[in-house]
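Peer 1: To convert, count from 1 in the sequence shown and add 12; that's this note's numbering. Quick one: the structure is below, questions incoming.
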Amino acid sequence: MSAASPTPRPFDTPARNPARDASGSPHGDPFHTVVIVGGGAAGIATAASLLARDPKLDIAIIDPADRHCYQPGWTLVGAGVFRAEQTVRPMAALIPRGVHWIKAAVTAFEPEQNAMLLEDGRAIRYRSLIVCPGLKLDWEAIPGLSETLGKNGVTSNYRYDLAPYTWQQVQALRRGKALFTQPPMPIKCAGAPQKALYLSGDHWRRHGRIGDVKIEFLNAGAVLFGVADYVPALMEYVKRYEATLSFGHTLTAVDGPRRVATFSRALADGSRETVQRSFDLLHVVPPQRAPDFIKASPLADTAGWVDVDAGTLQHRRHANVFGLGDAGNTGNAKTAAAARKQAPVVAHNVIAQLRDQPLDARYDGYGSCPLTVERGKIVLAEFTYGGKLAPSFPAWLLDGRKPSRLAWLLKERILPPLYWQGMLKGREWMARPDLGR
Numbered sequence: 013m014s015a016a017s018p019t020p021r022p023f024d025t026p027a028r029n030p031a032r033d034a035s036g037s038p039h040g041d042p043f044h045t046v047v048i049v050g051g052g053a054a055g056i057a058t059a060a061s062l063l064a065r066d067p068k069l070d071i072a073i074i075d076p077a078d079r080h081c082y083q084p085g086w087t088l089v090g091a092g093v094f095r096a097e098q099t100v101r102p103m104a105a106l107i108p109r110g111v112h113w114i115k116a117a118v119t120a121f122e123p124e125q126n127a128m129l130l131e132d133g134r135a136i137r138y139r140s141l142i143v144c145p146g147l148k149l150d151w152e153a154i155p156g157l158s159e160t161l162g163k164n165g166v167t168s169n170y171r172y173d174l175a176p177y178t179w180q181q182v183q184a185l186r187r188g189k190a191l192f193t194q195p196p197m198p199i200k201c202a203g204a205p206q207k208a209l210y211l212s213g214d215h216w217r218r219h220g221r222i223g224d225v226k227i228e229f230l231n232a233g234a235v236l237f238g239v240a241d242y243v244p245a246l247m248e249y250v251k252r253y254e255a256t257l258s259f260g261h262t263l264t265a266v267d268g269p270r271r272v273a274t275f276s277r278a279l280a281d282g283s284r285e286t287v288q289r290s291f292d293l294l295h296v297v298p299p300q301r302a303p304d305f306i307k308a309s310p311l312a313d314t315a316g317w318v319d320v321d322a323g324t325l326q327h328r329r330h331a332n333v334f335g336l337g338d339a340g341n342t343g344n345a346k347t348a349a350a351a352r353k354q355a356p357v358v359a360h361n362v363i364a365q366l367r368d369q370p371l372d373a374r375y376d377g378y379g380s381c382p383l384t385v386e387r388g389k390i391v392l393a394e395f396t397y398g399g400k401l402a403p404s405f406p407a408w409l410l411d412g413r414k415p416s417r418l419a420w421l422l423k424e425r426i427l428p429p430l431y432w433q434g435m436l437k438g439r440e441w442m443a444r445p446d447l448g449r
């Protein structure tokens, strides 16, 4: 158990504690036993998993968004497989019944007072806090990018409104240069930048355009994929689509009207040089950061991410604070599959912390990245901390190191309903936490 800030009081809710005023707080501020910051996949799944363990638990979710998006589907929107509308639902329809929705943004945390401040000046107090606001896509960090997104052939599957434009541009391009970028880590779904390349390349190959369309993947990192076991299968598709791999290239500026992208290139001696590429299609993945209100908070580590134990997901300095999802500093891949495994761990451990019991649920770092190498086939990467392979199926049924039609069926047909009807409903199919016993 990590070092603790104030020792938690005996497990209670506002209704069970007559000493509180009408607001439920001894300070006169709104109070909830558990407050969840973030109504994305991690936040709603955790709320549902908490209620599955204690249906009477007083829970609030704080999130200003009107809609909730199934972001893993955007890769397939950018390839014409899904429609964008299939990936979005009203937030109000997904908040679990009985959970309070505070439709506002958090501006500051006061963990020593078990409180946080909202943008309108209100304070919200809690017994346990769960922090999962996602991360920030920093489009503005690349000069010239924001003003040209959605035109001049500049697109990104990392935005709901741009993924359809990706598919439009892929279909329209018959010859020319197609650039696909990947920024420095960490990013959400580290395989997504190359998924766009593979699905686009597959379309051009099926229409006899490989050779006329010159493909280049410009990656700030030094390897194609962080888990080496999957690289051989991926390299076969790099060759199939005649793509050029350019490692150590970080996008630094975009001139949309001139169709020129500028990169900073790492050299062998440690220095850097500036290089430019002309393009007809530019698929951009923006730099990604912890949200500003997290970076500036006492919950952050030195890099700005929520500072939690990699196993229990409990904050390292504040015992009644937990973190999961993309904003956490755990070393796992930032994917929806990771959040699906993390949510039951946090739910179990929050209940244990409220009851002053040991935190015996552990997250093993599981993440999954279905690499869509062509329309109809996927290399299903599954791994835990340290890149250890963690397949969900026996190799005779589905070997994730090889392209598979079964894995495509899983991605296209099984995972969306598993997300909407399973994960977000607290049904922990194949996600029961390891209780470390």
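The beta carbon of each residue, even a glycine, is placed where N, CA and C say it ideally should be. Everything numeric in this text was worked out from a predicted model, so none of it was measured.
1) Just grab the DSSP bridge partners of residue 231 for me.
2) Going by DSSP, which residues form a beta bridge with residue 272?
3) Starting from residue 252, follow the beta strand (DSSP E) in both directions and report where the run begins and ends.
4) Which residues in the same chain have their Cβ closer than 6 angstroms to the Cβ of residue 446, if we skip the five residues on either side of it in sequence?
5) Use the C-beta contact count for residue 95: other C-beta atoms within 10 angstroms, 16 or more gives buried, fewer gives exposed.
6) Taking the Cβ atom as the reference point for each residue, do residue 377 and residue 393 lie within a distance shorter than 8 angstroms?
7) In terms of DSSP beta bridges, what is residue 179 paired with?
8) What number of angstroms, rounded off, separates the C-alpha of residue 307 from the C-alpha of residue 206?
9) Can you tell me whether residue 433 is buried or exposed, with buried defined as 16 or more other CB within 10 angstroms of its CB?
10) With H, G and I counted as helix, E and B as strand and the rest as coil, what does DSSP make of residue 98?
11) Using CA coordinates, which residue listed in 155, 199, 200 and 190 is at the minimum distance from residue 213?
12) By how many angstroms is the C-alpha of residue 354 removed from the C-alpha of residue 443?
13) Ignore the nearest five residues each way along the sequence and tell me which others in residue 201's own chain have a CB closer than 6 angstroms to its CB.
14) Could you pull out every unbroken beta strand (DSSP E) segment of at least 3 residues lying fully inside the segment 319-381, listed in chain order?
15) With the cut-off set at 8 angstroms, would you say residue 86 and residue 184 are in Cβ contact?
16) Using beta-carbon positions only, say whether residue 356 and residue 61 come within less than 8 angstroms of one another.
17) Give me the DSSP bridge partner(s) of residue 130.
18) Residue 306 lies in the alpha helix (DSSP H); which residues open and close that run?
19) When we look at the beta-carbon of residue 527 and count the other beta-carbons within 10 Å, is it buried (16 or more) or exposed?
20) Tell me the rounded alpha-carbon separation between residue 313 and residue 82.
21) Are the beta-carbon atoms of residue 232 and residue 196 separated by less than 8 angstroms?
22) Using the three-state DSSP reduction, which class does residue 113 fall into: helix, strand or coil?
23) Could you tell me whether the Cβ atoms of residue 65 and residue 164 are closer together than 8 angstroms?
24) When you compare only the Cα positions, how much space is there between residue 469 and residue 180?
25) Is it buried or exposed, residue 426, if we count other Cβ atoms within 10 angstroms and call 16 or more buried?
26) Under DSSP, the alpha helix (DSSP H) around residue 87 begins and ends at which residues?
27) Here's the rule: buried if 16 or more other CB atoms are within 10 angstroms of the residue's CB, otherwise exposed. What is residue 219?
28) Give the single residue among 387, 345 and 366 whose Cα lies nearest to the Cα of residue 381.
29) Take residue 131 and list the residues in its own chain whose beta-carbon comes closer than 7 angstroms to its own, dropping the five residues that flank it on each side.
30) Can you tell me which of the three DSSP states residue 38 falls into?
31) Determine the direct distance from the alpha carbon of residue 72 to that of residue 167, and round the result to whole angstroms.
32) For residue 216, which residues in the same chain have their Cβ closer than 7 angstroms to its Cβ, ignoring the five residues on either side in sequence?
33) Report buried or exposed for residue 37, applying the criterion of at least 16 other Cβ atoms within 10 angstroms of its Cβ.
34) In whole angstroms, what is the alpha-carbon distance linking residue 78 and residue 281?
35) Just grab the DSSP bridge partners of residue 168 for me.
36) Can you check DSSP and say which residues form a bridge with residue 416?
Peer 2: A quick look at the data gives this:
1) 194 and 259
2) 267 and 290
3) Counting along the chain, residue 252 falls outside any beta strand (DSSP E), though it belongs to the alpha helix (DSSP H) covering 243-252.
4) 374
5) exposed
6) no
7) The partner list for residue 179 (beta bridge, DSSP) is empty, contrary to what the question assumes.
8) 29 angstroms
9) exposed
10) helix
11) 190
12) 8 angstroms
13) 347
14) 333-335
15) no
16) yes
17) 118
18) 304-307
19) Because the chain here runs from 13 to 449, residue 527 falls outside it and cannot be looked at.
20) 28 angstroms
21) yes
22) strand
23) no
24) The question about residue 469 has no answer, for the chain in this structure spans 13 to 449.
25) exposed
26) 86-89
27) exposed
28) 345
29) 116, 117 and 119
30) For residue 38, the predicted model reports a pLDDT of 48, less than 50, meaning its position is unreliable; a value from the coordinates is still stated below. Of the three classes helix, strand and coil, the one that applies to residue 38 here is coil, per DSSP.
31) 36 angstroms
32) 222 and 225
33) Residue confidence is low: residue 37 scores 47 on pLDDT, short of 50, so the model does not pin down where it sits. No coordinate-derived value is stated.
34) 49 angstroms
35) For residue 168, which the question treats as bridged, DSSP gives no partner whatsoever.
36) 390
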